[in-house]
Amino acid sequence: MGKTLLYYFAAVNLAALVFYGVDKARAVKGQWRIPESTLIFFSVLGGCYGSYLGMRLFHHKTRKPLFRYGVPFLMAVWTAVLAYMVYSGSW
């Protein structure tokens with residue numbers, strides 16, 4: 080179960096990072112954008128670390144309260160969940 084979860088978190092965080100980068104590039108060019116709900120959904124699924132990195136790396140969505148406070152909140156939640164899994168032996 081541990082390797083599967085590790086691959087899952089790596090994939091969802093990488094996808095979140097890529098989506099933030101693509102959305103920022105599209106925003107600069109005035110093109111069709113990725114919906115905010117999709118970006119937040121990646122964080123809910125566990126991609127909050129990639130989302131946060133994308134926000135900082137691409138300077139994207141950092142002024143919007145949902146992202147500014149929501150993504151770090153989800154990071155805290157997922158960190159607690161992962162810590163519980165590791166320390167309880169569920170990982």
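So in our numbering, the last spot in the sequence shown is 170, and the numbers never skip. For glycine and all other residues, C-beta sits at the position ideal for the given N, C-alpha and C. Keep in mind that this is a model prediction, so the values were computed, not measured.
Cβ neighbours of T141 within its own chain (closer than 8 angstroms, five residues either side excluded): M134, R135 and R147.
By the neighbour-count criterion, in which 16 or more other beta carbons inside 10 Å mark a residue as buried, Y99 falls on the buried side. Our two residues, V97 and P151, have alpha carbons roughly 18 angstroms apart in a direct line.
Nearest to N92 by alpha-carbon distance, out of T158, F120, H139 and C127, is C127. Residue environment: A95 is assigned as buried (16 or more neighbouring CB atoms within 10 Å of its CB, all protein chains considered). By the criterion of a C-beta distance shorter than 6 angstroms, G125 is surrounded in its chain by F88, V91 and W157, once the five residues flanking it on both sides are discounted. No residue range can be given for L124, since it is assigned to no alpha helix (DSSP H) and is classified by DSSP as neither H nor E. Exclusion of the five residues before and after G109 leaves no residue of its chain whose Cβ lies closer than 8 angstroms to its Cβ.
Under the 10 Å beta carbon count, K103 is surrounded by 16 or more other beta carbons and is classified as buried.
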